[in-house]
Amino acid sequence: PYGSGDADDGYTLVFKNLDEFNAWKAREEETQVVEFVKGDTHGSKAVPPRFKEHTKLVCARHSRSGRKKYVKKHPERVRKVPSRKLEGVGCPASISFKTYYDSEEVRACYSSQHSHEIGLANLPFTRRGRRAAVQEEKERVRKGIKFAGGSASAPPAPSTSAPPAAAPPLAAAPSSYGSISMMASMPTAPVFPAQPAYAYPPAMPAIGPIGQGVVGQDRWDNMASLFTHIREHARGFEFTAASVAALETVLIRLYIESPMMNGAPVPPMLQG
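UniProt numbering numbers the first residue of the sequence shown as 1 and each following residue consecutively.
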């Protein structure tokens with residue numbers, strides 16, 4: 001086309017249109033693991049114009065000396081990804097191409113000599129490599145947080161040593177027990193996490209099925225003996241607060257269900 005110049009002007013790469021040129025440029029960047037960015041664009045000032053537009057693409061690692069150097073406000077802060085600009089000489093590699101008014105043809109001049117390593121060694125300085133580095137950093141932080149959260153949580157308690165079941169809610173006391181204020185003084189059993197380190201006593205011998213009739217005196221004697229033993233044992237051993245609260249709740253329930261005896265003292269914790 002008009003304005004293409006002589007054959008020795010350096011613009012020896014000829015493409016049918018701009019799409020074909022962009023496809024070639026993309027293959028070159030992928031093969032060499034480099035990147036080219038737009039550096040300058042201008043039109044022809046000749047009359048008539050010799051070309052429609054002239055564009056120069058420079059290596060992304062080229063440091064332009066004409067621009068004022070950025071001064072960091074916080075030099076001690078380290079970038080997550082390294083700066084890809086080459087201080088001093090920069091990189092001379094470039095691609096210049098021209099488009100024309102009377103044709104879709106694109107003519108290009110390619111200077112392929114870089115002042116730095118190309119290939120995989122240059123991957124960290126490309127957009128693709130920098131995105132991969134940022135993603136890898138995010139994954140590392142996410143795994144670190146997940147690992148820290150997993151190590152901080154306590155191991156689950158063995159299934160054979162389940163905590164005591166919570167006592168059923170207490171039924172409302174009859175009106176005849178007006179002297180007892182359960183809602184005011186009844187302690188609430190707090191919920192505590194399982195304690196795997198607690199060694200439970202060996203399992204007691206199996207007890208026969210509990211009848212629905214009247215509880216025999218022997219069973220009351222056995223329970224009294226057990227309670228006395230537990231109370232004596234508590235002088236030198238600290239039971240879990242949840243177990244103590246459960247026992248206390250059952251005792252209060254039994255006390256409320258029993259008939260009131262004239263002259264019998266009311267426990268201090270049940271006094272209204």
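Cβ atoms here follow ideal geometry from the backbone N, Cα and C, with glycine treated the same way.
Among Arg142, Asn17 and Ser44, nearest to Val106 - alpha-carbon criterion: Sequence index remark: in the sequence shown, residue 106 carries index 106 (1-based). In terms of Cα proximity to Val106, the closest of Arg142, Asn17 and Ser44 is Asn17.
Own chain partners of Phe51 with C-beta closer than 7 Å, once the 5 adjacent residues on each side are dropped: For the purposes of this step, residue 51 is taken as residue 51 along the sequence shown, with counting starting at 1. If we look at Phe51 and ignore the five residues flanking it on each side, its Cβ neighbours are Gly3, Ser44, Lys98, Thr99 and Tyr100.
Same chain, Cβ closer than 7 Å to Leu120, five either side skipped, listed in chain order: Here the question's residue 120 lines up with position 120 in the sequence shown. Cβ within range, chain order: Val33.
Contact under 9 Å by Cβ, Arg61 with Gly90: Against the sequence shown, residue 61 aligns to sequence position 61. Against the sequence shown, residue 90 aligns to sequence position 90. Cβ atoms of Arg61 and Gly90: closer than 9 Å.
Thr99 - containing beta strand (DSSP E), residue span: In the sequence shown, counting from the first residue as 1, residue 99 sits at position 99. For Thr99, the enclosing beta strand (DSSP E) starts and ends at Ser94 to Thr99.
Exposed unless 16 or more other CB atoms sit within 10 angstroms - verdict on Val14: Along the sequence shown, one-based indexing puts residue 14 at 14. Result: exposed.
Close beta carbons around Lys73, own chain, < 6 Å, minus the five adjacent residues each side: Residue 73 sits at position 73 when you count from the first residue of the sequence shown. Apart from sequence neighbours up to five positions away, no residue of its chain approaches Lys73 with a beta-carbon distance below 6 Å.
Straight-line Cα distance separating Glu29 from Phe36: Stepping through the sequence shown from its first residue, residue 36 is reached at position 36. Stepping through the sequence shown from its first residue, residue 29 is reached at position 29. Cα-Cα distance, rounded: 8 Å.
C-alpha gap between residue 343 and Asp221, whole angstroms: Because the chain in this structure spans residues 1 to 272, residue 343 falls outside the shown range and cannot be described.
Residues bridged to Leu13 (per DSSP): Your numbering for residue 13 matches position 13 in the sequence shown. Leu13 is bridged by DSSP to Ala108.
Gln135 versus Lys146: straight-line alpha-carbon distance, rounded: Locating residue 135 in the sequence shown gives position 135, counting from the first residue. Locating residue 146 in the sequence shown gives position 146, counting from the first residue. Distance between the alpha carbons of Gln135 and Lys146 is about 16 Å.
Range covered by the alpha helix (DSSP H) that runs through Asp218: For the purposes of this step, residue 218 is taken as the residue at position 218 of the sequence shown. Its alpha helix (DSSP H) spans residues Gln217 to His233.
Distance, Leu247 Cα to residue 336 Cα: With the chain covering 1 to 272 only, the question about residue 336 has no answer from this structure.
Through-space distance from Thr126 to Lys143, alpha-carbon basis: By one-based count along the sequence shown, residue 143 stands at place 143. By one-based count along the sequence shown, residue 126 stands at place 126. Going by C-alpha positions, Lys143 is about 26 Å away from Thr126.
Cβ-based neighbour list, Ser175, same chain, cut-off 7 Å, excluding 5 preceding and 5 following: In the sequence shown, the residue the question calls residue 175 occupies position 175. Here Ser175 scores only 45 on pLDDT, less than 50, and its place in the model is too uncertain to base an answer on.
Proximity of Ala133 and Ser112 at Cβ, strictly below 9 Å: For the purposes of this step, residue 133 is taken as residue 133 along the sequence shown, with counting starting at 1. For the purposes of this step, residue 112 is taken as residue 112 along the sequence shown, with counting starting at 1. Not in contact: Ala133 and Ser112 (Cβ atoms no closer than 9 Å).
Three-way DSSP call (helix, strand, coil) for Gly144 in this model: The count along the sequence shown starts at 1 and reaches residue 144 at position 144. Taken through DSSP and simplified to helix, strand or coil, Gly144 comes out as helix.
Buried or exposed by the 16-neighbour rule on C-beta atoms within 10 Å, applied to Val22: On the sequence shown, position 22 is the one that residue 22 refers to. Going by the sequence as given, residue 22 is Asn instead of Val. Of the residues assessed, Asn22 falls on the exposed side of the cut-off, its CB having fewer than 16 other CB atoms within 10 angstroms.
Environment of Leu57 [buried if 16+ CB atoms lie within 10 Å]: What you label residue 57 is simply residue 57 of the sequence shown in a count that begins at 1. The C-beta of Leu57 has 16 or more other C-beta atoms within 10 Å across all chains shown, which makes the residue buried.
C-alpha gap between His229 and Glu139, whole angstroms: Within the sequence shown, the letter at position 229 stands for residue 229. Within the sequence shown, the letter at position 139 stands for residue 139. His229 and Glu139: Cα-Cα distance of roughly 57 Å.
As assigned by DSSP and simplified to three states, the class of Ala172: What you label residue 172 is simply residue 172 of the sequence shown in a count that begins at 1. For Ala172, the predicted model reports a pLDDT of 46, less than 50, meaning its position is unreliable and no value from the coordinates is stated.
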